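Using the working numbering, the letters of the sequence shown map in sequence onto residues 120 to 661.
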Amino acid sequence: MKKEKILSFIVSFCMILTMLIFSGIEAIAVGSLNPSFSQSFTVTNLTEGTHVEVLKTVDLNLDSDGNFNMPVLTWNDSVKNWVSDKFPQYIDKSTKEVTDTFQKLGSNSAEANTFWQKMTAAYYQGKINFADKKDATADGNKNVTINGNGWGGYLVLAENPNNTGIMYKATSVNVLPAKQKDGSYENPKESITLVMKQDKEPGFEKEIPDISEITTGIGKIVNYRLNAQIPVYPADSIYKIFEISDQGGKGLKLVPDSIVVSLHADGSDSMSKITDYTLTKTENAFKIVVKESFLENHQGEVVYVLYQERITEEALELDEIENTASLKYNPNPYKNDTYEIESKKKTYTYEINFDKKDENGTTYLTGAVFQLQDADGDVLQFVQDTNDLHHYIFYGSADAFDTAVTPVSDIEISKESSIQIDGLDTGTYRLIETKAPEGYVKPTGYIEITLEDTIDENSKNVPDGKLDKIEITNNGTYEIINNATTGSGSFSFIVKNRTPEDFNLPVTGGTGTLMFTLGGIVVMGGAVLLYARNRKCRSNAK
């Protein structure tokens, strides 16, 4: 009878060893039944500074001689009450034994994953205090070694207190003997390696879908889109923060009522638009907080936020207009710590400078008036800087200016200095002189100016605020000194004027013709006098 009990016990234990499964990374140690045996865990795939904890959950019961005690596998005293309360089907309350129900859970089964995730949540909430707990912090080699892990089962947790945004999956490992073919048990290896699984940070990107809007002008509207992926939260997560923010920064103003939150990239499908969020906004910033109920039902999906910003006059003070968006979430949903991912986009405006000079290109001329047209010939409007009357700011919209302004279409040269036309987009323009300086001839036609910014310094097809192409073409009788160079957001050139006496137009005939004409006049005059005299003589004869 005694032999039958022992045989039954051994069969039961073998079944337990076979069926006891911990979700996550499996590292089943094979070893002897030395009751004082311990194993080293080397935990890898960490970031520097990551804190690792090894928490004992299951005991393997051996006597001092290395014989199995009944029950063989029991829940550790630190977790038995929690298991009994939350998962009573997994414990024999009278003996603490790990039941067949738990032992038969499949590797990485949903039930096993849920169990370990909920235990992790309870630990971080302070509902479980592990008596057998070891920890270490990853060094520059990005791994840790934790020694002294005796027989049983362990929960391994990793967290980076430096808030790197990485979420490590809860992992379990067993230190258990394995029966050999001859029926004996051997000591396991003295160390094993655990490769921690990382949950990637959710995808987040700020875009300007229409790349042509990266180059812009004062008063123009730029369309932005944020792509924010909802994290996949473990079971029983405590904290689920998902905040999408945008800070327009200097030179940008949020267009009221332009924000659309959707599960569709272009926001066009009304059925995909999201309403389960709260929105707060200012003149150039907003924050969207998505509700937990929505997050739970859409884990792993992408939320799209579409909105518009207007370029304001403050952009003139900047070489680049930067816009920063951020996604705030919980990398460890069991702790109230958040992490932010940032994504930035830049837009650019451009500047034309020109001088009005005499025929020698050395002396400034005043009194000329110009207009700037777009490629279609429409006259553009500008705001004249009250602090510098030669500084003209492109007027794309009244909303781009903080105070009421009066736009003008005439660009007047009132002093001996360069004209600066600021806040322009790339494209083709026509510069027309509508009035010449006093004493000078007004040219005909127009000067065509083409600006292009299509390639950045890394040869990517993205504007970078530095003009790649500047073409200045004389489509008339203008005289131009072209000093324009690429590589920046501005350039300059000179428009010259001439006085009328500088122009020698060809005439028909020469001196011979003049003398012939004068001779003809003299002959005709003599004939007239002779005719008059003859009439007088005939009159006297009568």
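Where is the CB? At the ideal position from N, CA and C, for every residue including glycine.
This structure is a prediction, so every number in the text was calculated from the model and none was measured.
**Study point:** Cross-strand partners of Gln539 (DSSP beta bridge)
**Key:** The residue you call residue 539 lines up with position 420 of the sequence shown. Checking the DSSP bridge columns, you'll see Gln539 partnered with Asn472, His510.
Review point. How is Ala487 classed by DSSP in three states: helix, strand or coil?
Key: Translated into the one-based positions of the sequence shown, residue 487 becomes position 368. Looking at Ala487 - three-state DSSP - the assignment turns out to be coil, as it is neither helix nor strand.
Check your understanding: Which same chain residues, not among the five before or five after Lys406, have their C-beta less than 7 Å away from its C-beta?
Key -> Within the sequence shown, the letter at position 287 stands for residue 406. Around Lys406: Glu362, Ser364, Thr399.
Point to revise | Residue from Glu411, Met286, Asp219, Gly269 whose Cα sits closest to the Cα of Leu276 | key: If you number the sequence shown from 1, residue 276 lands on position 157. Answer by Cα proximity: Met286.
Review point. Counting pairs of beta carbons, one from the stretch 504 to 514 and one from the stretch 533 to 547, are three or more of them closer than 8 Å?
Key: yes
Check your understanding: Are the C-beta of Tyr243 and some C-beta of chain C separated by less than 8 Å?
Key -> Any reference to chain C falls outside this structure, which holds one protein chain only.
Review point. Are Ala519 and Thr431 closer than 8 Å when you measure CB to CB?
Key: The count along the sequence shown starts at 1 and reaches residue 519 at position 400. The count along the sequence shown starts at 1 and reaches residue 431 at position 312. Taking 8 Å as the Cβ cut-off, Ala519 and Thr431 qualify as a contacting pair.
Check your understanding: Does DSSP put Asp365 in a helix, in a strand, or in coil?
Key -> The residue you call residue 365 lines up with position 246 of the sequence shown. DSSP places Asp365 in strand when its eight states are reduced to three.
Practice item. Take every Cβ of the stretch 340 to 355, pair it with every Cβ of the stretch 422 to 436, and state whether three or more of those distances are shorter than 8 Å. Key: yes
Check your understanding: Does DSSP put Ser462 in a helix, a strand or coil?
Key -> In the sequence shown, the residue the question calls residue 462 occupies position 343. In the structure shown, Ser462 sits in a strand (DSSP, three-state: E or B).
Practice item. Please report the Cβ distance between Pro321 and Pro452, rounded to the nearest whole angstrom; I am assuming they are in contact, meaning their Cβ atoms lie under 8 Å. Key: For this step, residue 321 is matched to residue 202 along the sequence shown. For this step, residue 452 is matched to residue 333 along the sequence shown. Incorrect: roughly 12 Å between the Cβ atoms, too far for contact.
Point to revise | Continuous beta strand (DSSP E) stretch holding Glu436: start and end | key: What you label residue 436 is simply residue 317 of the sequence shown in a count that begins at 1. First-last for Glu436: undefined, no H or E at that position.
Review point. When DSSP labels each residue in this structure, what does Ala241 get in the three-state scheme?
Key: Working through the sequence shown from its first residue, we reach residue 241 at position 122. Helix at Ala241.
Check your understanding: Looking only at its own chain, which residues have a Cβ that is under 7 Å from the Cβ of Pro562, when we skip the five neighbours before and after it?
Key -> Taking the sequence shown and counting its residues from 1, the one referred to as residue 562 is at position 443. Cβ neighbours of Pro562 beyond the five flanking positions: Glu552, Gly595, Thr596, Tyr597.
Review point. Does DSSP put Ala517 in a helix, in a strand, or in coil?
Key: Within the sequence shown, the letter at position 398 stands for residue 517. Residue state, collapsed to three classes: helix.
Practice item. Would you kindly check if the distance between the Cβ of Val177 and the Cβ of Val217 is under 8 Å? Key: In the sequence shown, counting from the first residue as 1, residue 217 sits at position 98. In the sequence shown, counting from the first residue as 1, residue 177 sits at position 58. Yes, the Cβ-Cβ distance between Val217 and Val177 is below 8 Å.
Practice item. Measure the Cβ-Cβ separation of Lys308 and Lys288 and say whether it is below 8 Å. Key: In the sequence shown, residue 308 corresponds to position 189, counting from 1. In the sequence shown, residue 288 corresponds to position 169, counting from 1. No; because the gap between Cβ atoms is not below 8 Å, this pair is not in contact.
Check your understanding: Is the distance from the Cβ of Tyr469 to the Cβ of Leu570 below 8 Å?
Key -> The residue you call residue 469 lines up with position 350 of the sequence shown. The residue you call residue 570 lines up with position 451 of the sequence shown. Taking 8 Å as the Cβ cut-off, Tyr469 and Leu570 qualify as a contacting pair.
Exercise for review: Please name the residue or residues paired with His170 in a DSSP beta bridge.
Suggested key: Counted from its first residue, the sequence shown places residue 170 at position 51. According to DSSP, His170 shares a beta bridge with Thr256, Glu278.
Practice item. Given a cut-off of 8 Å, decide if Gly368 and Ser516 are closer than it, judged by their beta-carbon atoms. Key: The residue given as residue 516 occupies position 397 in the sequence shown. The residue given as residue 368 occupies position 249 in the sequence shown. No; because the gap between Cβ atoms is not below 8 Å, this pair is not in contact.
Check your understanding: Helix, strand or coil for Thr335 per DSSP?
Key -> Translated into the one-based positions of the sequence shown, residue 335 becomes position 216. If DSSP states are grouped into helix, strand and coil, Thr335 belongs with coil.
Check your understanding: Exposed or buried, which one is Asn580 when buried takes at least 16 other CB atoms within 10 Å?
Key -> As a working note, residue 580 is residue 461 in the sequence shown. Answer is exposed; the Cβ neighbour count stays below 16.
Point to revise | Asp493, DSSP secondary structure in three states | key: The sequence position of residue 493 within the sequence shown is 374, counting from 1. It is a strand residue.
Practice item. Can you say whether Pro375 is buried or exposed, counting buried as having 16 or more other CB atoms within 10 angstroms of its CB? Key: Translated into the one-based positions of the sequence shown, residue 375 becomes position 256. Counting Cβ neighbours within 10 Å, Pro375 comes out exposed, since fewer than 16 surround it.
Check your understanding: Are the Cβ atoms of Val171 and Val292 separated by less than 8 Å?
Key -> In the sequence shown, counting from the first residue as 1, residue 171 sits at position 52. In the sequence shown, counting from the first residue as 1, residue 292 sits at position 173. With contacts defined by Cβ atoms closer than 8 Å, Val171 and Val292 do not form a contacting pair.
Check your understanding: What is the DSSP secondary structure of Ile591, counted as helix, strand or coil?
Key -> In the sequence shown, residue 591 corresponds to position 472, counting from 1. Ile591: strand per DSSP, three-state reduction.
Exercise for review: Inspect the beta-carbon positions of Lys261 and Thr166 and report whether they are closer than 8 Å.
Suggested key: Reading the sequence shown from its first residue, position 142 is the one you call residue 261. Reading the sequence shown from its first residue, position 47 is the one you call residue 166. Yes, Cβ-Cβ distance for Lys261 and Thr166 is below 8 Å.
Practice item. State the Cα-Cα distance for the pair Asp219 and Asp211, rounded to the nearest angstrom. Key: In the sequence shown, residue 219 corresponds to position 100, counting from 1. In the sequence shown, residue 211 corresponds to position 92, counting from 1. Straight-line Cα distance between these residues: approximately 10 Å.
**Study point:** Beta-carbon contacts of Arg617 that lie in its chain and below 7 Å, excluding the five residues immediately before and after
**Key:** By 1-based counting over the sequence shown, the position of residue 617 is 498. Cβ within range, chain order: Glu478, Tyr559, Val560.
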